[in-house]
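Okay, structure first, notes after.
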Amino acid sequence: SFPNRPPFHHPRGPNPNSMYRHPNAAYLPSHQHHHIHHHHAPNIRDSSSHSSSSDNIQISSDLMQASNATQQASMQKAIYLRGHKGDVNHAAFCGHKNRLVSAGKDKTVKIWDYKAASEGASQNKSTTHNQHCLATLEGHTEAVTKIASHPSNEESICSVSHDGFAKLWDTRNGNASTSLNFATKERNVDVRYDPQGNHFAVLTAQNNLFIFDDRKESEPLAQKMFGSKKAPLYEIEYGPTGEYMFMTRADEIVVVEMKTLTEVATIPITCDPSKTFCLKFDRAYKYLAVASTDSIVSILSTGDWSCQRGIAHLHDAIRSVAFSHDAKWIAHAAGKLKVIDIASVKDGSQVKQVSSPEGVTSVDFAPNQYFLAITGMTSTVWVHDLRNAPELQESEMDVSE
C-alpha cells in the first residue's frame, strides 16, 4: 500500500554527485528521506502482508571482475538457440510447458523448447539452427520489440512491433492467420497483460499507453499520454490485481489507476539526473526491482515502498532485471558488459556471474526452475541452466539458516 508519506531511502551516499561507480568506494545510506508524492494513495496489497522497512540498507558495490576461467565455465553451460536472422530484442518464458518465446529484429516471433535443448546439451548432442524451434510466427512488417504471454492461457502470446501493431497469437498453430491485430499506429516499445488476462496494455515510443480487450479485434478501450520527450517512458508493469500500473519515467516510478487512467502517485528513485530504465515485480508481488542508468538496482518492499537495499555490482547502465521464481535471486544486466550478475534478494550480495552476449536487451527467469534466458546484439538466444549451480545451492543453504 501507499502509507502516508513513507520514507524512500536511496542507496547513494550523502553527496549525490559522488562517484558511486568507484570500485573501492563504500557508501552509507543517505539520511535524506525521499517521499512518495500522493494524489490519492492506493492500496495494492492487503495490509496484513506489509513487510517492515529496513533500517539499515546494505549496499554492495563489489567490482565486477569475473576471471577468464569462470567466464569460460559459464559459457560451457550456456544453451544457444539459433534461428533468428538478426538481433533478438526480447525473450520471455511462457507458462510451465518448457517454452521460451523470442522477439527479433527480423520481424518474427519464435517459440522454443528450451528443456529439450538443455537435455541435448547435457548429453553432448550437437544442435543446429532451428532444431528446437517449435514455431515461427510471421506477420509483423518491422522489428518485434516485446512479447507477453497470457497469465492463464499459455497458448496465447501478444507481440508488439515498430510497425504500429500488437498481435495476439494462438500458438497451437504457427500460421499468421491465427493472429488478431490491434493498431496503435505508433512505434510500440512494451506490452503487458493484466493479471486476469482480460486486457493488455501497450506502451509506445510517443509515451502513449493503449489498453485493448484481448477477446476481439477492436479499437483501444482507452488511451492516454503519460510521458514527454524530456521524460520518456521505458517500461510498464501491472500491480497484482490489475487496478494499478507502474511506469518508469525520468527519475521516478509513476503509479496509474487503471480504471480512470489517472496518475495517483510517484515514487522517486534516483538522486541525480539518471533515468529509471526498467522495473520488475517478483511473482508474489512482495518486491519491486527498479534499475537505472546510474548502475544501481533498487529493491523496494511493496509493503511500504521503502527501498530495502541497493545493488551495484555492474558499473554501467542497467538494461534489464528479473527475479527467480522463488524471489531468492535477482539477475540484472548492463548493456555494454558481457556478463549477467545474479545477487541475493535478501542481502544484495553477489552470488554468481554468467556470460552473456554484448548489448544485452533482456533477461528472464523461468517460472518454476533456475533457467535464465538472455538476449542481446546477436541472433542467438542464450539460456543458462542454473539448476545445479553450486553457488545457488550453497547460497540457498545460507539463506535457510
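The opening position of the sequence shown corresponds to residue 1344 in the working numbering, with each subsequent residue numbered one higher. Every residue gets a Cβ at the ideal spot worked out from N, C-alpha and C, and that includes glycine.
Please list the terminal residues of the continuous beta strand (DSSP E) segment that includes residue i.
i: Ile1554; result: Asn1551 to Asp1556
i: Leu1715; result: Phe1714 to Thr1718
i: Asn1531; result: Asn1531 to Tyr1536
i: Gln1539; result: Taken as a continuous stretch (DSSP letters only), Gln1539 belongs to no beta strand (DSSP E), as it is neither H nor E.
i: Gln1696; result: Gln1693 to Ser1698
i: Gly1433; result: In the sequence on display, residue 1433 carries His and not Gly. Val1431 to Cys1437 is the span of the beta strand (DSSP E), which, as asked, contains His1433.
i: Ile1422; result: Ala1421 to Arg1425
i: Gly1447; result: Arg1442 to Gly1447
i: Glu1595; result: Glu1595 to Glu1600
i: Leu1643; result: Val1640 to Ser1644
i: Asn1290; result: Outside the modelled stretch of the chain, which goes from 1344 to 1744, sits residue 1290, for which no answer is possible.
i: Ala1665; result: Ile1661 to Phe1666
i: Val1503; result: Ser1499 to Ser1504
i: Ala1657; result: Residue 1657 is actually Leu in this sequence, not Ala. Careful: Leu1657 lies outside any beta strand (DSSP E) and carries neither H nor E.
i: Ala1670; result: No beta strand (DSSP E) contains Ala1670, which DSSP labels as neither H nor E.
i: Thr1479; result: Cys1476 to Glu1481
Buried or exposed, going by whether 16 or more other CB atoms sit within 10 Å of the CB of residue i?
i: Ser1410; result: At Ser1410 the pLDDT is 39, less than 50, meaning the model places this residue with poor confidence; the figure from the coordinates comes in the next sentence. Flag for Ser1410 reads exposed.
i: Pro1733; result: exposed
i: His1795; result: No information on residue 1795 is available, as it lies outside the stretch 1344 to 1744 that the chain covers here.
i: Ala1665; result: buried
i: Glu1560; result: exposed
i: Gln1651; result: buried
i: Arg1730; result: exposed
i: Asn1524; result: exposed
i: Leu1564; result: exposed
i: Ala1627; result: exposed
i: Arg1592; result: buried
i: Glu1458; result: This sequence places Lys at residue 1458; Glu is not what is there. Burial call: buried.
i: Asn1441; result: buried
i: Ala1369; result: Any reading at Ala1369 is ruled out, since the residue's pLDDT is 26, under 50, leaving its predicted position unreliable.
i: Thr1723; result: buried
i: Trp1725; result: buried
i: His1374; result: Model confidence at His1374 stands at a pLDDT of 29, short of 50, so the residue's coordinates are unreliable; what they give is reported in the following sentence. Result: exposed.
Determine whether the beta carbon atoms of residue i and residue j lie at a separation below 8 Å.
i: Val1703; j: Ile1717; result: yes
i: Met1590; j: Ile1579; result: yes
i: Leu1715; j: Val1697; result: yes
i: Asp1456; j: Gly1429; result: no
i: Asn1531; j: Ser1492; result: no
i: Phe1436; j: Asp1707; result: yes
i: Ile1612; j: Trp1648; result: no
i: Glu1481; j: Thr1527; result: no
i: Asn1496; j: Glu1529; result: no
i: Ser1705; j: His1433; result: yes
i: Asp1513; j: Ser1499; result: yes
i: His1656; j: Ala1686; result: yes
i: Ala1446; j: Thr1488; result: yes
i: Ile1683; j: Val1633; result: no
i: Val1431; j: Thr1645; result: no
i: Phe1555; j: His1542; result: yes
i: Pro1494; j: Gly1540; result: yes
i: Thr1605; j: Pro1538; result: no
i: Thr1479; j: Lys1453; result: yes
Quick check on DSSP: helix, strand or coil for residue i?
i: Ser1561; result: coil
i: Leu1576; result: strand
i: Tyr1457; result: helix
i: Pro1583; result: coil
i: Pro1710; result: coil
i: Gln1566; result: strand
i: Leu1511; result: strand
i: Leu1680; result: coil
i: Gly1463; result: helix
i: Gln1651; result: strand
i: Glu1734; result: helix
i: Leu1604; result: coil
i: Ser1571; result: coil
i: Leu1631; result: strand
i: His1727; result: strand
i: Arg1626; result: coil
i: Val1487; result: strand
i: Ile1400; result: Only weak support exists for where Ile1400 lies, its pLDDT of 32 falling under 50; the value from the coordinates is given anyway. Note: Ile1400 maps to coil in three-state DSSP.
i: Val1545; result: strand
i: Ser1495; result: coil
i: Asp1612; result: Position check: residue 1612 holds Ile in this sequence, whereas Asp was assumed. In the structure shown, Ile1612 sits in coil (DSSP, three-state: anything other than H, G, I, E or B).
i: Val1775; result: One cannot answer for residue 1775 here, as it falls past the ends of the chain, which runs 1344 to 1744.
i: Ser1705; result: strand
i: Ser1617; result: coil
Quick one: is the Cβ of residue i within less than 7 Å of any heavy atom of the ligand FMN?
i: Ala1491; result: Among the components of this structure there are no ligands whatsoever, and the ligand FMN is therefore not found.
Does the pairing of the stretch 1665 to 1679 with the stretch 1620 to 1636 give three or more beta-carbon distances under 8 Å?
-> At 8 Å Cβ cutoff, the stretches touch.
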